[in-house]
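Following the numbering used here, the numbering of the sequence shown begins with 25 at its first residue and continues without gaps. Notes for the one structure printed next.
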Amino acid sequence: MALSKQVEESLVEAQEDLRNALSFSARTEKPYISKHIADMMAQIDNLIQIVPILDKVENMDFPYRLDELQE
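Here you go:
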């Protein structure tokens, strides 16, 4: 199921806020702080990008299911 428009917009807004925080932290904080802010931004971006891919995989017509292979 795709992200709702509201959730995706909120995630994009969070990225913008984190980008602003990263800008300030790069000037005033230790590199450790900036690294973790950048990691959070990357994880949000990954989440936004992976959801459509997962939707496509879920909708593919496989001749068998992976859970059937484990039995």
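A virtual CB, placed ideally from N, CA and C, is assigned to each residue, including glycine.
For isoleucine 57, which residues of its own chain have a beta-carbon under 8 angstroms away from its beta-carbon, when the five flanking residues on both sides are left out?
Contacts found: Ser49.
Have a look at Glu82, Met84, Thr52 and Ala45 and flag the residue whose alpha-carbon is nearest the alpha-carbon of methionine 65.
When each option's Cα is compared against that of methionine 65, the closest is Ala45.
So what does DSSP say about lysine 54, is it helix, strand or coil?
DSSP places lysine 54 in coil when its eight states are reduced to three.
Return the CA-CA distance between methionine 84 and aspartate 41, expressed in angstroms with no decimal places.
About 36 angstroms.
Quick check: isoleucine 72 and leucine 35, are their CB atoms within less than 7 angstroms of each other?
Yes, Cβ-Cβ distance for isoleucine 72 and leucine 35 is below 7 angstroms.
Is the beta carbon of valine 96 sitting closer than 7 angstroms to the one on leucine 27?
Because the chain in this structure spans residues 25 to 95, residue 96 falls outside the shown range and cannot be described.
In three-state terms, what does DSSP make of aspartate 69?
Of the three classes helix, strand and coil, the one that applies to aspartate 69 here is helix, per DSSP.
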